[in-house]
Every structure is written in structure tokens, then in C-alpha cells.
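Residue numbers (our numbering): 12 to 259. These notes are about the structure you will find just below.
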Amino acid sequence: MTPPLLLHLPYSPWSERARWALDARAVAHKRRTYQPLLGEPELRVRLRRWTGPVSVPVLLTDDKAIADSDEIARWADQRGSGSTLFPDEHAAAIDHWIRRSQEGLAAGRAVSLIRVLASPEACVELTPPWMRKLGPVARAVGRSGVARTRKKYSGDARADAEHQKTLEGVLDELRTALGPSPTTLLGTFTYADICAAQVLCFVKLPDRKYLRLGKASAEAVGDPELATRYRDVVEWRDALYAKYRERS
Ligand SMILES: N[C@@H](CCC(=O)N[C@@H](CS)C(=O)NCC(=O)O)C(=O)O
């Protein structure tokens, strides 16, 4: 059996959901960085999907392509070793946090890409390395790539204030669920923690070793005002990474 290949974005919290689950279950795999737009034709061939949006992470296994972070996590959980990320008794709560995380991430992406669009340096950082030397061309390509991503994921389908409200709603719910001395959401480390932790990317990015972004884009993706307001929740995320990501 050849090891599965994960097509991913090193800076994306959706890819991080899959990476963390594969690592937590010690599932041997290879990784390849996906190049938005340029990599799309190959991705469509791999997925045999000729129309509609395609995204990463995608896990290419011997017998199928798995094109969703949550499905990759479940696939990983059926293999590998260590404690399950999906204990039966927490199935409903994990499903709830998967959904809330996807809602928070979508809203966070919509508002944070507005900040990225306003930063020429951040737009350049999001282009492939060979393009960055091209100055204004790289800025224009980066900017149109970011605008395209925001539109592709329906960022302009709702007002910015609505996205902001959704993001803060998820953060408030997370703070309440964690309680006064938080370790994990459900009393044991599960995929709910991995998903909930990702929403904090749009508040303050975790250490660069977990999510790789350039300096300007990292600044633009985070929200300093929310980082102050939700400092306790950011601290929970950082402690979770230190304890459970390091080990895996
Ligand atoms: N349902 C997907 C959503 C993944 C997703 O939103 N991926 C984005 C991350 S920014 C992506 O692939 N962006 C690059 C592109 O669309 O070309 C999952 O959770 O796996």
C-alpha cells in the first residue's frame, strides 16, 4: 500500500483540521502544497469533478480521493493508533462543533480577506515564490486571487457585519463551553477541539510552525481587537496546541 497523499495549503485552517487528525492518529502520509488556481486542473482530474468548486484538503488514497477535512479526519480515525478523536458518547457534540467551526471559519475568512485585500504586502505574500519578484504584477495577481477566494466561498453573499456577528457568536459559545478552567471541550481530546481551535486563526494565528503564512498576511488575517477581547480563548488554543499538537 502506498502512503496516502495529502494535497493541502500550509496556511489554511481547513487543511490544518486534516493534518492534525492524521498526525494525532499517527497515520503515515505524504503532503504536497496545493497551488490555488494553477493546481486546479490537476485537482479536477484527480477528483473527476469537471464543474463546480473544488477545494483542499484532499487526501488521495489507494482506492479513493477524500475531498473534505472532516471526512479525512474520520478516515484517519479508523486507522492509525492512539485514542480515538470521535468517541461514540460524544458523537452529537462533535457534530455540533464541526458545524459551528465551519460557520465560524467561513465568517472569519470573509472578514479577514477584506483586511488582506487592503494590504498590498499580504497580497504579494500569497502568490507563488517565483512571482513575488514581479512587483506590481505580483500585487495584482495576489489581489485578484484573494478577491476570487472570497467570492468563491460566498464572502460577499452577506454583509460584513453579519459575518462578524457569526464569528463572535461562535467565539462566545466556545468561551461558555470551555468554562472557567478549560483543557478540552468534552473532557477528553477530540476532533471537536481541533475544529474549534481553528476558528481562532481569524482572531490570532497560532505559532508559524503550525500554520505557515508570511508576516504581512499573518497580521492581516488576525484581528487585534478580537485578540484582546478573546485573550482567554486564544490562550486555551495555544495550550491545546502545546499539549496535543506537539505530542502528535
Ligand atoms: N469543505 C472543505 C472546505 C475547504 C476550504 O474551504 N478550502 C479552502 C481553504 S482557504 C481552499 O481550498 N482554498 C483554495 C481554493 O479554493 O482554491 C473542507 O472542510 O475540507
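Note that the Cβ used here is the ideal one computed from N, Cα and C, for glycine as well.
Notebook entry, point to check: DSSP on residue 196, reduced to helix/strand/coil?
Noted result: In the sequence shown, counting from the first residue as 1, residue 196 sits at position 185. Residue 196 falls in the coil class under three-state DSSP.
Item checked: Range of the contiguous alpha helix (DSSP H) that encloses residue 331 -> As shown, the chain starts at 12 and ends at 259. That puts residue 331 outside it, with no answer to give.
Next item on the list: Report back the beta-carbon spacing between residue 224 and residue 214 to the nearest angstrom; my notes put them in contact at under 8 Å.
Entry: Locating residue 224 in the sequence shown gives position 213, where the first residue counts as 1. Locating residue 214 in the sequence shown gives position 203, where the first residue counts as 1. That belief does not hold up - the Cβ atoms of residue 224 and residue 214 are roughly 14 Å apart, past 8 Å.
Item checked: Beta-carbon gap between residue 183 and residue 196 smaller than 7 Å -> Along the sequence shown, one-based indexing puts residue 183 at 172. Along the sequence shown, one-based indexing puts residue 196 at 185. In this structure, residue 183 sits away from residue 196, with a CB-CB distance that is not shorter than 7 Å.
Check: What are the start and end residues of the alpha helix (DSSP H) that includes residue 174?
Finding: As a working note, residue 174 is residue 163 in the sequence shown. 171-189 is the extent of the alpha helix (DSSP H) around residue 174.
Check: If you pair each beta-carbon of the stretch 26-43 with each one of the stretch 83-96, do three or more pairs fall below 8 Å?
Finding: Short answer: they touch.
Next item on the list: Measuring from each Cβ to the nearest heavy atom of ligand 1, keep the ones under 5 Å and list them in chain order.
Entry: Residues flagged by the Cβ proximity filter: 23, 25, 47, 66, 67, 79, 80.
Next item on the list: Kindly give me the distance between the Cβ atoms of residue 178 and residue 157, rounded to whole angstroms, as I take these residues to be in contact under 8 Å.
Entry: Translated into the one-based positions of the sequence shown, residue 178 becomes position 167. Translated into the one-based positions of the sequence shown, residue 157 becomes position 146. With a Cβ gap of about 18 Å, residue 178 and residue 157 do not count as contacting.
Next item on the list: Give the DSSP-derived three-state secondary structure of residue 54 in the structure shown.
Entry: Mapped onto the sequence shown, residue 54 falls at position 43. Residue 54 falls in the helix class under three-state DSSP.
Next item on the list: Could you spell out where the beta strand (DSSP E) holding residue 42 opens and where it closes?
Entry: Within the sequence shown, residue 42 is the residue found at index 31, counting from 1. Counting along the chain, residue 42 sits inside the beta strand (DSSP E) bounded by residues 41-44.
Next item on the list: Evaluate the contact criterion for the stretch 95-114 versus the stretch 139-149: three or more CB pairs, one atom per stretch, below 8 Å.
Entry: Using a C-beta cut-off of 8 Å, the stretch 95-114 makes no contact with the stretch 139-149, since fewer than three inter-stretch Cβ pairs fall below that distance.
Checklist line | Start-to-end residues for the alpha helix (DSSP H) that takes in residue 17 | finding: Counted from its first residue, the sequence shown places residue 17 at position 6. From DSSP, residue 17 is part of no alpha helix (DSSP H) but of the beta strand (DSSP E) over 16-19.
Next item on the list: Measure how close the beta-carbons of residue 124 and residue 161 come, nearest whole angstrom, since I'm counting them as under 8 Å.
Entry: As a first step, residue 124 must be located in the sequence shown, where it is residue number 113. As a first step, residue 161 must be located in the sequence shown, where it is residue number 150. Taking 8 Å as the upper bound for CB-CB distance, residue 124 and residue 161 are in contact here, some 4 Å apart.
Next item on the list: Assign residue 24 to buried or exposed, taking buried as 16 or more other Cβ atoms, counted over all protein chains shown, within 10 Å of its Cβ.
Entry: Here the question's residue 24 lines up with position 13 in the sequence shown. The residue is buried, with at least 16 neighbouring Cβ atoms inside 10 Å.
Next item on the list: Return the CA-CA distance between residue 237 and residue 170, expressed in angstroms with no decimal places.
Entry: Here residue 237 is taken as the residue at index 226 of the sequence shown, counted from 1. Here residue 170 is taken as the residue at index 159 of the sequence shown, counted from 1. Their backbone Cα atoms lie some 19 Å apart in a straight line.
Notebook entry, point to check: So residue 46 and residue 122 are in contact, right, with Cβ under 8 Å, and what is the actual spacing, rounded?
Noted result: Within the sequence shown, numbered from 1, the residue matching residue 46 stands at position 35. Within the sequence shown, numbered from 1, the residue matching residue 122 stands at position 111. Taking a contact as a CB-CB distance under 8 Å, the pair residue 46 and residue 122 does not count as one, their CB atoms being some 25 Å apart.
Check: Between which two residues does the beta strand (DSSP E) harbouring residue 4 extend?
Finding: Given a span of 12 to 259 for the chain in the structure shown, any question on residue 4 remains unanswerable.
Next item on the list: Enumerate in chain order the residues of its own chain whose CB-to-CB distance from residue 163 is below 8 Å, with the five nearest sequence positions on each side excluded.
Entry: Translated into the one-based positions of the sequence shown, residue 163 becomes position 152. The answer, listed in chain order, is 64.
Checklist line | residue 32 vs residue 87 beta-carbon contact at 7 Å | finding: Here the question's residue 32 lines up with position 21 in the sequence shown. Here the question's residue 87 lines up with position 76 in the sequence shown. Against a cut-off of 7 Å, the Cβ pair of residue 87 and residue 32 comes out as a contact.
Checklist line | Nearest candidate by alpha-carbon position, reference residue 20, set 42, 190, 200 | finding: Mapped onto the sequence shown, residue 20 falls at position 9. The residue among 42, 190, 200 with its C-alpha nearest the C-alpha of residue 20 is 42.
Notebook entry, point to check: In or out: residue 68 buried (at least 16 other Cβ within 10 Å) or exposed?
Noted result: Here residue 68 corresponds to residue number 57 of the sequence shown, with the count starting at 1. So residue 68 ends up on the buried side.
Check: By the 10 Å Cβ neighbour count, where 16 or more other Cβ atoms means buried, how is residue 60 classified, buried or exposed?
Finding: What you label residue 60 is simply residue 49 of the sequence shown in a count that begins at 1. Exposed is the call here.
Margin query: One question on the structure: do residue 135 and residue 126 come within less than 7 Å of each other, judged by their Cβ atoms?
Written below: Stepping through the sequence shown from its first residue, residue 135 is reached at position 124. Stepping through the sequence shown from its first residue, residue 126 is reached at position 115. Taking 7 Å as the Cβ cut-off, residue 135 and residue 126 do not qualify as a contacting pair.
Note to self: Does residue 56 pass the burial test, meaning 16 or more other C-beta atoms within 10 Å, or should it be called exposed?
What the structure shows: Looking up residue 56 in the sequence shown gives position 45. Around the CB of residue 56, fewer than 16 other CB atoms lie within 10 Å, so the residue is classed as exposed.
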